[in-house]
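J.:
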Amino acid sequence: METLKTEEKQKIEINTIIPLQITTLSPVCIKSHEAALSPIADYVCDGGKIKIIDSKKFQQLLSDEVFMESYIEEVINLPQQTTDKNKKFLDFLKSHNAYEESLFSKGIDFKIEDNPVQIERHIHSKGKAFIPGSSLKGSIRNAMFYDFYKNKRQQVNSFLKQREDENQRKNPEYHKKSFIINSKQFIKEAEKFFDTKEKNFYGHFSLFGIRDSELLENKTEAIEVYRERYNIGEGELEIPSIVEAISEQTTIKIDFFIKNSKLDKKVISKIGHYDNVKDFSSKGIFKILNQFSKDFINKALIMIENDKLNSYQEQLESYLSMIESFEKENHTKALVCLGFGKSMYQNSIQLAFDNIKGDAIDKIKKEAPTTLFLNHFTGESLGWCIIEEYSENNHTDYQQEILKAKELSKSQKIEKETIAKEKAINEEKERLIKIKEELKVSDISEKQKDDIISIEIVEIIKTKPKKIIGKTLQNNEECKLIINGVKKTENYNIGDIVKVKLAMKEKGIFKQAKLIIQ
50 METLKTEEKQ KIEINTIIPL QITTLSPVCI KSHEAALSPI ADYVCDGGKI KIIDSKKFQQ
110 LLSDEVFMES YIEEVINLPQ QTTDKNKKFL DFLKSHNAYE ESLFSKGIDF KIEDNPVQIE
170 RHIHSKGKAF IPGSSLKGSI RNAMFYDFYK NKRQQVNSFL KQREDENQRK NPEYHKKSFI
230 INSKQFIKEA EKFFDTKEKN FYGHFSLFGI RDSELLENKT EAIEVYRERY NIGEGELEIP
290 SIVEAISEQT TIKIDFFIKN SKLDKKVISK IGHYDNVKDF SSKGIFKILN QFSKDFINKA
350 LIMIENDKLN SYQEQLESYL SMIESFEKEN HTKALVCLGF GKSMYQNSIQ LAFDNIKGDA
410 IDKIKKEAPT TLFLNHFTGE SLGWCIIEEY SENNHTDYQQ EILKAKELSK SQKIEKETIA
470 KEKAINEEKE RLIKIKEELK VSDISEKQKD DIISIEIVEI IKTKPKKIIG KTLQNNEECK
530 LIINGVKKTE NYNIGDIVKV KLAMKEKGIF KQAKLIIQ
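Just so it is clear: in the sequence shown, position 309 is 358 by the numbering used here, and no numbers are missing.
Pasting the structure below:
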């Protein structure tokens, strides 16, 4: 990113606030630290909604000794592997006249095909979902680290080597395994690997912050997701689970702020001294977010090219088209992935090291998880959002934008496939022309019986015995060669090149050969 000029630094006021707007393109789940909802105590599925039980009111029901004993008996008698626990719990509440709307604190829509299991909850405050500012800041921070490592490889390598030498001096028994462990930490938790005294990262992320988003009411749904292992040739690994997530096409307001107190100015002066000041304008941050998302998507598309993940592929290709449009608009918007369901490539700076070779890095790549979570119904990944500066007049229908991007992506794909097909046809034609030219000057008179040669078909005999006849050069004269072993002459055309095994010479020349079926 561009370095802020001195006069630009002075213009920033203390805690300059830039209101941002997040629009979810796919469901976003930022997991709560609370326990998952149990299908036999915390919720019921009924009427197209998951109805969450008010824990205090359920405890009041359990204060009744008869109800308590019946409930315990019901739970104990449930088979451990039964798939309809929630239905049995619902039937139990109804049979004991406990199923009343007052029992439930809220209801959320659900998209679940299988029987309900534990539900991982999205983070809430006062009973309402929100996006924690730390989640967005974490994504920005990771993209900024990635941007630095990708563009300043020499400094990174020097730093790693310095750490390795320090460990060697401190511990004579130190060996490469320790470096691998340290390198893994470096890639997964880059910000923890540096201390505040490191000149390139002195107070770097203390200069800006992001507040928690506005609270959202009735904007979540329960969706079934499964984990997919890809690009390792071992088949699918599906682990179904249910998560509560903010629905797609939800617009959320969140504030980004830049700090510039007297203390912050001292930090800026130190960073400026090391020529490492980043442009904390929205466009500057959107630019690195777009680059990080773009690089990840390109990597993911390569990783899934041999897998049958068509919906996920279309999703990524459409997002790639959107990023290209953002680049043309000078990064007034950015594509970012938040929360649960991201792969290691999105949660670390591993992409920056993807083309580096070495024992430590290669071992990390080999051990790195290659999994992702997909929506069971759509086959698409979770967490994708568009972020832009907030405007009351912004009512962009991103669902239509995605559809347009998918159509554009499909047409571009068809165009590429057509061009590739035409190129392959032309290359094959050129190859055949080259072979034919070589055959014209290749004398086979020195060949031996059972030698294999390529030959051009010049005549096809369709009556029995079916034969094709090729043309050869022998003793500097053109000679015809009868090719036997042809079952279907309709499979061949004059001008085709076929491979044959030469028979014994007759009067010093080859007159017959046997077709080699390819």
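Glycine included, each C-beta is placed from N, C-alpha and C at the ideal position.
Quick one: grab the DSSP three-state call for Gly182.
T.: In the sequence shown, counting from the first residue as 1, residue 182 sits at position 133. In the three-state DSSP reduction, Gly182 falls in the helix class (H, G or I).
J.: Just to check my reading of the structure: Ile180 and Ile102 have Cβ atoms closer than 8 angstroms, yes? What is that Cβ distance to the nearest angstrom?
T.: Counting from one through the sequence shown, the residue named residue 180 turns up at place 131. Counting from one through the sequence shown, the residue named residue 102 turns up at place 53. No, Ile180 and Ile102 are not in contact; Cβ-Cβ is about 26 angstroms, not under 8 angstroms.
J.: Which value, in whole angstroms, describes the spacing of the CA atoms of Tyr541 and Phe335?
T.: Against the sequence shown, residue 541 aligns to sequence position 492. Against the sequence shown, residue 335 aligns to sequence position 286. In a straight line, the C-alpha of Tyr541 is about 59 angstroms away from that of Phe335.
J.: Looking at the structure shown, is Val547 part of a helix, part of a strand, or coil, going by DSSP?
T.: Position 498 of the sequence shown holds residue 547. It is a strand residue.
J.: For Gln497, count neighbouring C-beta atoms within 10 Å of its own C-beta (all shown protein chains included) and say buried if the count is 16 or more, exposed if not.
T.: Mapped onto the sequence shown, residue 497 falls at position 448. Classification for Gln497: exposed.
J.: Report the option in Thr72, Ile291, Lys453, Asn524 whose CA atom is closest to the CA atom of Glu263.
T.: Counting from one through the sequence shown, the residue named residue 263 turns up at place 214. Ranking Thr72, Ile291, Lys453, Asn524 by Cα distance to Glu263 puts Thr72 first.
J.: If Asn339 and His380 are in contact, beta carbons under 8 angstroms, what's the gap, nearest whole angstrom?
T.: Working through the sequence shown from its first residue, we reach residue 339 at position 290. Working through the sequence shown from its first residue, we reach residue 380 at position 331. The pair is a contact, with the Cβ atoms about 6 angstroms apart (cut-off 8 angstroms).
J.: Assign Ser392 to one of three DSSP states: helix, strand, or coil.
T.: To locate residue 392, count along the sequence shown from 1; it is residue 343. Ser392 falls in the coil class under three-state DSSP.
J.: Secondary structure at Arg260, three-state DSSP: helix, strand or coil?
T.: Indexing the sequence shown from 1 puts residue 260 at position 211. Coil at Arg260, not helix or strand.
J.: On a CA-only basis, which of Glu378, Leu384, Glu505 is nearest Ser342? Give me that one, please.
T.: Stepping through the sequence shown from its first residue, residue 342 is reached at position 293. With distances taken between Cα atoms, Ser342 lies closest to Leu384.
J.: Grab me the residues of Ser392's own chain with a C-beta within less than 6 angstroms of its C-beta, minus the 5 sequence neighbours each way, in chain order.
T.: Numbered from its first residue, the sequence shown carries residue 392 at position 343. Around Ser392: Leu421.
J.: Ignoring anything shorter than 3 residues or poking outside the stretch 332-398, list the beta strand (DSSP E) runs there in chain order.
T.: 382-386
J.: Report the CB separation of Gln523 from Ser494 in whole angstroms; it is logged as a contact under 8 angstroms.
T.: Residue 523 sits at position 474 when you count from the first residue of the sequence shown. Residue 494 sits at position 445 when you count from the first residue of the sequence shown. Confirmed, about 5 angstroms.
J.: Check whether the Cβ atoms of Val77 and Gly428 sit closer than 7 angstroms, and answer yes or no.
T.: Position 28 of the sequence shown, counted from the start, is the residue given in the question as residue 77. Position 379 of the sequence shown, counted from the start, is the residue given in the question as residue 428. No, the pair does not count as a contact, with Cβ atoms beyond the cut-off.
J.: Between Arg260 and the rest of its own chain, which residues show a CB-CB distance below 6 angstroms, the 5 nearest in sequence each way excluded?
T.: For the purposes of this step, residue 260 is taken as the residue at position 211 of the sequence shown. Closer than 6 angstroms at the Cβ level, and outside the excluded window around Arg260, lie Gly182, Asp304.
J.: Could you give the distance in angstroms between the alpha-carbon of Asn475 and the alpha-carbon of Ile468?
T.: Residue mapping note: residue 475 aligns to position 426 of the sequence shown, counting from 1. Residue mapping note: residue 468 aligns to position 419 of the sequence shown, counting from 1. So the two alpha carbons sit approximately 10 angstroms from each other.
J.: Work out the CA separation of His171 and Ile42 for me, nearest whole Å.
T.: Missing from the structure shown is residue 42; the chain here goes from 50 to 567 and no further.
J.: Per DSSP, His173 is paired with what?
T.: Against the sequence shown, residue 173 aligns to sequence position 124. Looking at the DSSP assignment, His173 forms a beta bridge with Ala178.
J.: Taking 8 angstroms as the threshold, find out whether the stretch 122-138 comes into contact with the stretch 86-94 through three or more Cβ pairs.
T.: Flag = yes, the stretch 122-138 and the stretch 86-94 touch.
J.: Answer with buried or exposed for Val115, where buried requires no fewer than 16 other C-beta atoms within 10 angstroms of its C-beta.
T.: Taking the first residue of the sequence shown as 1, we reach residue 115 at position 66. Looking at its Cβ environment, which holds fewer than 16 other Cβ atoms inside 10 Å, Val115 is exposed.
J.: Give the range of the beta strand (DSSP E) segment to which Asn424 is assigned.
T.: Walking along the sequence shown from the start, residue 424 turns up at place 375. Run containing Asn424: 420-424, per the beta strand (DSSP E) assignment.
J.: With DSSP run on the structure shown, which of helix, strand or coil describes Ile301?
T.: Numbered from its first residue, the sequence shown carries residue 301 at position 252. In the structure shown, Ile301 sits in a strand (DSSP, three-state: E or B).
J.: Can you tell me where the alpha helix (DSSP H) holding Asn126 begins and where it ends?
T.: Reading the sequence shown from its first residue, position 77 is the one you call residue 126. Segment 114-126, the alpha helix (DSSP H) holding Asn126.
J.: So, is Glu169 buried or exposed, given that buried needs 16 or more other C-beta atoms within 10 angstroms?
T.: Residue mapping note: residue 169 aligns to position 120 of the sequence shown, counting from 1. Buried, because 16 or more other Cβ atoms sit within 10 Å of the Cβ of Glu169.
J.: Could you tell me the distance, in whole angstroms, from the CA atom of Cys94 to the CA atom of Tyr275?
T.: In the sequence shown, the residue the question calls residue 94 occupies position 45. In the sequence shown, the residue the question calls residue 275 occupies position 226. The alpha-carbon atoms of Cys94 and Tyr275 are separated by roughly 20 angstroms.
J.: With 16 other CB atoms within 10 Å as the buried threshold, where does Gly97 fall?
T.: Stepping through the sequence shown from its first residue, residue 97 is reached at position 48. Exposed, since its Cβ has fewer than 16 Cβ neighbours within 10 Å.
J.: Grouping DSSP H, G and I as helix and E and B as strand, with all else coil, what is Gln129?
T.: If you number the sequence shown from 1, residue 129 lands on position 80. Of the three classes helix, strand and coil, the one that applies to Gln129 here is coil, per DSSP.
J.: Checking the sheet assignment: what are the DSSP bridge partners for Leu522?
T.: As a position in the sequence shown, residue 522 is number 473, starting the count at 1. Beta-bridge pairing links Leu522 to Asp492, Glu527.
J.: For Ile337 and Tyr368, which I take to be in contact (beta-carbon distance under 8 angstroms), what is that distance rounded to the nearest angstrom?
T.: As a first step, residue 337 is located in the sequence shown; it is residue number 288 there, counting from the start. As a first step, residue 368 is located in the sequence shown; it is residue number 319 there, counting from the start. With a Cβ gap of about 16 angstroms, Ile337 and Tyr368 do not count as contacting.
J.: Excluding five sequence neighbours on each side, which residues of the same chain lie with their C-beta closer than 6 angstroms to the C-beta of Leu142?
T.: Stepping through the sequence shown from its first residue, residue 142 is reached at position 93. Short of 6 angstroms from the beta carbon of Leu142, and not among the five residues preceding or following it, lie these beta carbons of its own chain, in chain order: Tyr148.
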